[in-house]
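K.L.:
Sharing a structure with you now.
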């Protein structure tokens with residue numbers, strides 16, 4: 024949600040983009056990054072057990088490198104769509 028706001032994109036559209044580009048997927052109600060993106064340092068995965076209720080949790084967060092990468096990827100996709108729209112017109 025925070026990255027979508029930072030990049031000025033609708034959260035729903037951002038999530039659709041992440042799934043269509045095979046960057047992240049939903050597993051058990053939480054968003055998980057595909058392993059190549061984790062290995063590339065675009066995401067940080069935190070795991071643990073809650074001290075309050077002893078439930079295990081995981082959290083997949085964009086790193087600063089990942090935010091810069093996804094911003095560039097979104098910009099290139101938007102530019103490509105703009106060129107296609109111009110050619111079609």
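Numbering (our numbering), first residue to last: 24 to 112. Idealized CB from N, CA, C, for every residue including glycine.
1. The alpha helix (DSSP H) that contains residue 42, what's its start and end?
2. Which term fits residue 105, buried or exposed, when burial requires 16 or more other beta carbons within 10 angstroms of its beta carbon?
3. Only counting runs of 3 or more residues, tell me where the beta strand (DSSP E) segments fall wholly within the region 51 to 90, in order along the chain.
4. Report yes if the CB atom of residue 64 is closer than 8 Å to the CB atom of residue 86, and no otherwise.
5. In or out: residue 89 buried (at least 16 other Cβ within 10 Å) or exposed?
P.N.:
Here's the rundown:
1. Annotation: the continuous alpha helix (DSSP H) that includes residue 42 extends over 34 to 43.
2. When all chains shown are included, residue 105 counts as exposed.
3. Secondary structure within the region 51 to 90: the beta strand (DSSP E) runs of 3 or more consecutive residues, fully enclosed, are 53 to 56, 66 to 72, 79 to 85 (chain order).
4. Cβ distance < 8 Å, so residue 64 and residue 86 count as in contact.
5. Counting every other CB atom within 10 Å of its CB across the protein chains shown gives residue 89 a total of 16 or more, marking it as buried.
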